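Residue numbers (this note's numbering): 59 to 300.
Here the structure comes first, spelled out in structure tokens, and everything after it is commentary.
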């Protein structure tokens, strides 16, 4: 089993080294062959150099990087990563954030489900064993409302639609035509997974808040983002599962 962990980064100089140093040791503990792919999305700070220094200081760590010359957005960074995993013959892609709000201690759960052959594996805060700690109330409310709308619309066995910690079989990703440049790609992907994935499962995890030393998140909490999310909720409602 070949797995690629895709991590988009934009202006993450304060946390990039810690992110990679925390995740990289898991590569040798987990079954199969794993790679960490950083998609450096045109940062204006020294993120690229921090990642380059990490790679050069640790031989054969399985960390690679693709650089966007200009910032293209979270969704575009994910599409770059997806293109890479398809072209290089991986079996699964795991998507993680660079601020360690998705902790690699949960990766063994994902790998267990991958070995069982699930098409789509989603981390969940809203099933037994999952929760959020230190997350601002506004984000909690928005997430709760969004998920309450998404569950009856998507009609798939998923409880947490708005977080980005997930693993997807490459044969499923290869059928998708993703277009979103920003964070709504998470829900766009689920809408297409509803058509192309046959099996879904969840693993509980604890979402934590972004540490202050890493600066503010680049997530934009505005009406255009919510509108894009709702667009895919509506599309999912109108789409039959396979």
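Where is the CB? At the ideal position from N, CA and C, for every residue including glycine.
All figures in this text were calculated on a predicted structure; none of them were measured in a lab.
- Burial check for residue 146: the Cβ neighbour count within 10 Å stays below 16, so the residue is exposed.
- Excluding sequence positions up to five before and after residue 129, its CB lies within less than 7 Å of the CB of 68, 99, 100, all in the same chain and listed in chain order.
- A contact between stretches requires three or more CB pairs, one per stretch, nearer than 8 Å, and the region 283-298 meets this requirement with the region 246-255.
- As computed with DSSP, residue 91 is found in a beta bridge with 60.
- Membership of residue 135 in the alpha helix (DSSP H) is indicated by the continuous run 132-145.
- Counting C-beta pairs with one atom in each stretch, the region 110-128 and the region 147-162 have fewer than three that are closer than 8 Å, which means they do not touch.
- Residue range 150-153 is occupied by the beta strand (DSSP E) that includes residue 152.
- Nearest C-alpha to residue 79 among 96, 234, 239: 96.
- Annotation for residue 124: the continuous beta strand (DSSP E) segment containing it runs 121-126.
- Contact annotation, residue 171 with residue 218: C-beta distance approximately 15 Å; criterion of less than 8 Å not satisfied.
- Looking from the CA of residue 72, the closest CA among 65, 110, 104, 257 belongs to 104.
- Nearest to residue 148 by alpha-carbon distance, out of 59, 193, 70, is 59.
- In the structure shown, residue 260 adopts extended strand secondary structure according to DSSP, grouped into three states.
- Restricting attention to alpha helix (DSSP H) runs no shorter than 4 residues, the region 152-233 encloses them at 165-173, 195-212, 228-231, ordered along the chain.
- In terms of Cα proximity to residue 283, the closest of 243, 247, 262 is 243.
- Here residue 85 carries a helix assignment [DSSP, helix/strand/coil].
- A contact is defined here as three or more CB-CB pairs under 8 Å, and the region 222-231 fails this definition with respect to the region 205-212.
- Cα atoms of residue 84 and residue 196: separation of roughly 33 Å, rounded to the nearest angstrom.
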